[in-house]
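Student:
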Amino acid sequence: MLLVELFTQGLVQGSIYALIALGLTLVYGLLRILHVAHAAFFTLGAYVGILVCNASGSLILGFAAAMATAGCAGVITYRLAYEPLLDKPPFVALIASIGLYIASEEAFRVLFGAQGISFVDPPLQQQLLLFGTIRLKMAELLVMIGSLAIIFVLSRLQNGTRLGLACQATVSDPQMAESFGISLRLVRDLNFFVGSALAAFAGVWVALLNNLVEPTMGSVPSYKALAIIVLGGLGSVRGTLAAALVLGVVEAYGTIYLGKLLDRNAIAFAFLILVLMVRPQGLFSRR
Amino acid sequence: MKTAVLRPLVCSAAIFALAATPALAEIKIGLNVPITGFAAADGKSALEGAKLAVAKANEAGGINGEKLELVIYDDQASPKEAVPVATKLIEKDKVVGAVSGSYSGSTRAAAGIFQQAGVPYVVSYAIHPDITLAGDYMFRVSAMGEVQGRGGAKLVSNLGKKRVVLLTMKNDFGQALAAGFKEAAPKFALDIVAEYEYALQDRQFGPLVAKVKADNPEVIYASGYYFTAGPLVSQLRAAGITAPVIGQEGYDSDKFMEIAGDAAEGTLLTTSLDRDSESPVTQAFIADFKKATGIGTDMVAASTYTAAYVLIDGLKKTGGKGGAALRDAIAAGSYETPIGKLAFNDLHEVSKDIQVQVVKDKAFRRHSVIHDPVLLAPPSKSGK
């Protein structure tokens, strides 16, 4: 009973991790950059979502605005910060990324205040009773369904459309792809747009679950998502999804049964170390 | 001819006089406060509280006609920032006294430096025991974590409840509260069913909530700040848990109610600010703060206002002099403040009642007052 509830809570958390980590894994797969500043788009999305929803009264509009804003901001970040560094060693981009993330936290604080903001009338807070035993908020149920749906659609697009194939070609051999007429820039812009929009999507869900958006809300996801993409075998969409869900569930049980020994946020890394000792290529990598 | 020679002289003399006057007539007091970083929200309240105390004192004529100047530095609530901040306040700004509007980590780091320089340091809401142990130039206007924790245990007993679950925030504030609560629990025959810890960064408590629900306690004693407590209380209520939640002064912010919404109703907190107090000083502070900032006051603002007020009161007695004279003046005083009547013991801690507030119709109202000088005695030189 308790075990089932913990499992469900783990899946809710895991779905959010999956959405955040997915963008990170797209960028890593494409450019081999560890995009720490990705978490800034998660926070940005949450702010835009709440502000637009509060102003318009429409949550759907909030989601759309959040994803569009973060998507565009992601493309701009790529063009301004990462593109000029592509021929430098990867740690240069990593340092730029960490700097960007820190700057973004302070920018949010200056723009929106340190205290954080909330929904005036938070939507989707209805209580549901699933299978007669599991109590969930509507928002918790929808975040699971939403993230699975979006990841399913994404993987269909990746394998079933010309653009998706172009992305994959760019990952495996950028030069060859370019000589076949694929625009590298378009593919990279697209990846940053989709990845950042997904992070914003996750941000709005977290805002709905906590009813609080703060400048620092991305700090834990920023490094936890790195652990997840390593677990998922760097660059693999399905691996990332699986790793995120597994980590969510491990954390849910760990919080209760290991809480005295290990911080919840340390569990992810203890788990990461354990997995890497046994499977250095990550949990789900086929390589 | 004559005037042509004199004019530049007169002019320069006038400029000199103008430039010199304000520099001569200002008494500087320091404030370390987290303006950026994770504690920036509390820092803002603290800053406004201290500014209000200084503005009030200056309106009333300053110290013998000399104006007070508040020198403000951002310590990010971080020990490594607090050390240079304290040094700057002492060496560069030559403050006669200082106020901490910050958390325990940075305040502890700064305390030793102020003590060594012989600069009185009045601490507002940092609750770590080591702070006043740094020496006799340290003063604290708030009740320490352990003391508040003991008060929490008494409140559970006053509510007629026995079975408690502790949700403890993993920092010095949360752990000090839990330690005090557990120390006093046997006195009231409380049954601590379980204790769970969570990190300061946590906002999603799904697994904890599921476990608390299974434990089915009569009351939940949860330490936290409004930014953890808001999501926590709302998630507890969403899971159908109806047991009363007891929080502490960290909940004491209008933001708590904004985040938790209807779930906040009925939450109890042990704090130092009684918004329904009959004291004219408290009511005047609440009104002045609203007028100065446009926002409602909270515990942090009231405590930092009080700390600055205590320091300024000491300066009034010494005529603006710092050092040992100021230390002795502060130690000897008794104060009517927004957080109650205060007097310092030999360790420069205050003994006071705990104000229990309850959230009712989206506002903090008086629930009860815990008056128990023995249980709530702060540590003293002779005692500990």
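Which chain is which? The protein sequence lines are V and C, in order. Start counting the first sequence at 97; every next residue gets the next number (our numbering). Start counting the second sequence at 2; every next residue gets the next number (our numbering). All C-beta atoms, glycine included, are put in the ideal place defined by N, C-alpha and C. If you're wondering where the values come from, they're calculated on a predicted model, not measured in any experiment.
Can you tell me whether DSSP reads Phe-345/C as helix, strand or coil?
Tutor: Phe-345/C falls in the strand class under three-state DSSP.
Student: For Glu-306/V, go through chain C and note every residue whose CB falls closer than 7 Å to its CB, in chain order.
Tutor: Going by the sequence as given, residue 306/V is Asn instead of Glu. Simply Arg-204, Gln-205, Pro-232.
Student: Using a C-beta cutoff of 8 Å, does Thr-243/C count as contacting chain V?
Tutor: For Thr-243/C, the answer is no, since every Cβ of chain V falls outside 8 Å of its Cβ.
Student: Got a sec, what are the start and stop residues for the alpha helix (DSSP H) Asn-159/C sits in?
Tutor: Where Asn-159/C is concerned, the enclosing alpha helix (DSSP H) stretches over 146-159.
Student: Which residue wins for smallest C-alpha separation from Ser-103/C, given the options Lys-93/C, Ser-335/C, Ala-87/C?
Tutor: Checked all of Lys-93/C, Ser-335/C, Ala-87/C; the closest Cα to Ser-103/C is Ala-87/C.
Student: Under 8 Å between C-beta atoms, does Tyr-226/C make it to chain V?
Tutor: No, Tyr-226/C does not count as interfacial toward chain V.
Student: List, in chain order, every chain V residue whose beta-carbon is nearer than 7 Å to that of Pro-218/C.
Tutor: None at all; the shortest Cβ gap to chain V is about 15 Å.
Student: Under 8 Å between C-beta atoms, does Ser-79/C make it to chain V?
Tutor: It does not; no Cβ of chain V falls within 8 Å.
Student: Here's the rule: buried if 16 or more other CB atoms are within 10 angstroms of the residue's CB, otherwise exposed. What is Ile-116/V?
Tutor: Looking at its Cβ environment, which holds 16 or more other Cβ atoms inside 10 Å, Ile-116/V is buried.
Student: Could you spell out the range, first to last residue, of the beta strand (DSSP E) harbouring Val-365/C?
Tutor: Per the sequence shown, the amino acid found at residue 365/C is Phe instead of Val. Looking at the DSSP string, the run of the beta strand (DSSP E) that includes Phe-365/C is 364-371.
Student: Could you pull the start and end residues of the beta strand (DSSP E) that Asp-75/C belongs to?
Tutor: From DSSP, the beta strand (DSSP E) with Asp-75/C extends over 68-75.
Student: Out of curiosity, what's the CA-to-CA distance linking Ala-15/C and Ile-30/C?
Tutor: Because Ala-15/C carries a pLDDT of 47, less than 50, the predicted location of this residue cannot be relied on, and no value is offered for it.
Student: Could you list which residues in chain C have their beta carbon closer than 7 Å to that of Glu-202/V, in chain order?
Tutor: The answer, in chain order, is Thr-37.
Student: With a threshold of 8 Å between beta carbons, is Ile-194/V in contact with chain C?
Tutor: No, its Cβ sits nowhere closer than 8 Å to a Cβ of chain C.
Student: Under 7 Å: does the beta carbon of Arg-366/C sit that close to some heavy atom of the ligand HEM?
Tutor: Because no ligand of any kind appears in the structure shown, any question about the ligand HEM cannot be addressed here.
Student: So what's Arg-205/V in DSSP terms, helix, strand or just coil?
Tutor: Arg-205/V falls in the helix class under three-state DSSP.
Student: Does any CB atom of chain C fall closer than 8 Å to the CB of Asn-264/V?
Tutor: Rather than Asn, the amino acid found at residue 264/V in this sequence is Gln. So no, Gln-264/V is outside the interface.
Student: In whole angstroms, what is the alpha-carbon distance linking Ala-81/V and Arg-334/V?
Tutor: In this structure chain V extends from 97 to 383, so residue 81/V is not present and cannot be described.
Student: Compare the Cα-Cα distances from Val-246/C to each of Ala-179/C, Lys-52/C, Phe-189/C, Ala-265/C and report the closest residue.
Tutor: Closest by alpha carbon: Ala-265/C.
Student: For the beta strand (DSSP E) that Ser-335/C lies in, which residues bound it at each end?
Tutor: 335-338 is the extent of the beta strand (DSSP E) around Ser-335/C.
Student: Does Ala-164/C come out as helix, strand or coil in the three-state DSSP assignment?
Tutor: Before going on, a small fix: residue 164/C reads as Arg here, not Ala. Correct three-state label for Arg-164/C: strand.
Student: Any beta-carbon of chain V closer than 8 Å to the one on Glu-259/C?
Tutor: Yes, because at least one Cβ of chain V sits closer than 8 Å to the Cβ of Glu-259/C.
Student: Are the CB atoms of Ala-256/C and Gln-223/V nearer to each other than 8 Å?
Tutor: Sequence check: residue 256/C is Lys here, not Ala. Cβ distance not < 8 Å, so Lys-256/C and Gln-223/V don't count as in contact.
Student: Helix, strand or coil, according to DSSP, for Lys-95/C in the structure here?
Tutor: Three-state DSSP puts Lys-95/C in coil, outside helix and strand.
Student: Going along the chain, which residues of its own chain have a beta-carbon closer than 7 Å to the beta-carbon of Ala-339/V, five neighbours each way excluded?
Tutor: If we look at Ala-339/V and ignore the five residues flanking it on each side, its Cβ neighbours are Ile-324, Leu-327, Gly-328, Leu-379, Phe-380.
Student: Using three-state DSSP, classify Met-97/V as helix, strand or coil.
Tutor: In this structure, Met-97/V counts as coil in the three-state DSSP scheme.
Student: Using a C-beta cutoff of 8 Å, does Pro-102/V count as contacting chain C?
Tutor: Here the sequence assigns Leu to residue 102/V, which means Pro is not the residue at that position. Yes, Leu-102/V counts as interfacial toward chain C.
Student: So, for Leu-10/C: in the same chain, excluding its five sequence neighbours on each side, which residues have a beta-carbon less than 6 Å away from its beta-carbon?
Tutor: Because the pLDDT of Leu-10/C is 48, which lies under 50, any placement of that residue in the model is unreliable, and the question is left without a value.
Student: Around the Cβ of Ala-111/C, are there at least 16 other Cβ atoms within 10 angstroms (buried) or fewer (exposed)?
Tutor: Looking at its Cβ environment, which holds 16 or more other Cβ atoms inside 10 Å, Ala-111/C is buried.
Student: Which residue from Thr-229/C, Pro-380/C, Leu-69/C, Lys-318/C puts its Cα closest to that of Glu-250/C?
Tutor: Cα-wise, what sits closest to Glu-250/C is Thr-229/C.
Student: What are the boundary residues of the alpha helix (DSSP H) that includes Gly-256/V?
Tutor: Per DSSP, Gly-256/V belongs to the alpha helix (DSSP H) from 234-256.
Student: Have a look at Glu-82/C, Asn-33/C, Val-123/C and flag the residue whose alpha-carbon is nearest the alpha-carbon of Val-311/C.
Tutor: For Val-311/C, the nearest C-alpha among the options comes from Val-123/C.
Student: Residues of chain V with a CB under 9 Å from the CB of Gly-262/C: which are they?
Tutor: What Gly-262/C touches in chain V: Ser-214, Phe-215, Asp-217, Pro-218, Gln-221, Asn-307.
Student: Taking the beta carbon of Leu-323/C as the centre, do at least 16 other beta carbons fall within 10 Å, making it buried, or is it exposed?
Tutor: The displayed chain sequence assigns Gly, not Leu, to residue 323/C. Buried is the call here.
Student: Does chain C have any CB closer than 8 Å to the CB of Val-346/V?
Tutor: It does not: the Cβ of Val-346/V has no partner Cβ on chain C nearer than 8 Å.
Student: Give the straight-line distance between the Cα atoms of Lys-89/C and Ala-199/V, rounded to the nearest whole angstrom.
Tutor: One C-alpha to the other measures close to 26 Å.
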